[in-house]
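Undergrad:
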Amino acid sequence: MVSQLYYLLRSRADGSYLVARPHGGGSPDQPLPTGFLLVFTADYDALSYLNAHAPELSDKFAIETITASSLKPLLNRWDFQGLGMVNDPRLPQVEFFNRS
23 MVSQLYYLLR SRADGSYLVA RPHGGGSPDQ PLPTGFLLVF TADYDALSYL NAHAPELSDK
83 FAIETITASS LKPLLNRWDF QGLGMVNDPR LPQVEFFNRS
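According to the working numbering, the sequence shown is numbered sequentially starting from 23.
Given below as structure tokens:
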């Protein structure tokens, strides 16, 4: 049985994942939301995303591979709001899914 693989970008410095916060940050009395974990369907899409939008940071991230069955436990462990599936890394075109 073949399992779908997904690709994440993880900081080499502190181990945090690359996330999107589509509605901005918090306010002084509210903490920043944890955001949506950015997920790519190919490793080259993750690299394209970094090279297009933050080329100066591309060497500060590593690509991590994860199976579909491991995504939900990861979302729960890091308390992410949901997934941001990157459909086109150059634009970027991202489809957001709330965790439920």
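For every residue, glycine included, the Cβ atom is placed at its ideal position computed from N, Cα and C.
#1: Would you decide whether F102 is buried or exposed? Buried here means 16 or more other CB atoms lie within 10 Å of its CB.
#2: Between which residues of its own chain and L31 is the CB-CB distance below 6 Å, once the five residues before and five after are set aside?
#3: In angstroms, rounded to a whole number, what distance separates the CA positions of L113 and H45?
#4: Which residues does DSSP list as the beta-bridge partners of T87?
#5: Return the residue from the list Q115, S70, S91 that minimises the CA-CA distance to D81.
#6: With DSSP run on the structure shown, which of helix, strand or coil describes A68?
#7: P111: buried (16+ other C-beta within 10 angstroms of its C-beta) or exposed?
TA: On the basis of the data shown:
#1: Here residue 102 is taken as the residue at index 80 of the sequence shown, counted from 1. Looking at its Cβ environment, which holds 16 or more other Cβ atoms inside 10 Å, F102 is buried.
#2: Position 9 of the sequence shown holds residue 31. Cβ contact annotation for L31 (same chain, cutoff 6 Å, sequence separation greater than five): L40, A68, F83, in chain order.
#3: Walking along the sequence shown from the start, residue 113 turns up at place 91. Walking along the sequence shown from the start, residue 45 turns up at place 23. Looking at the two C-alpha atoms, the distance is approximately 18 Å.
#4: If you number the sequence shown from 1, residue 87 lands on position 65. Paired residues: Y29.
#5: Position 59 of the sequence shown, counted from the start, is the residue given in the question as residue 81. The residue with the shortest Cα to Cα distance from D81 is S70.
#6: The residue you call residue 68 lines up with position 46 of the sequence shown. Looking at A68 - three-state DSSP - the assignment turns out to be helix.
#7: The residue given as residue 111 occupies position 89 in the sequence shown. That one is buried.
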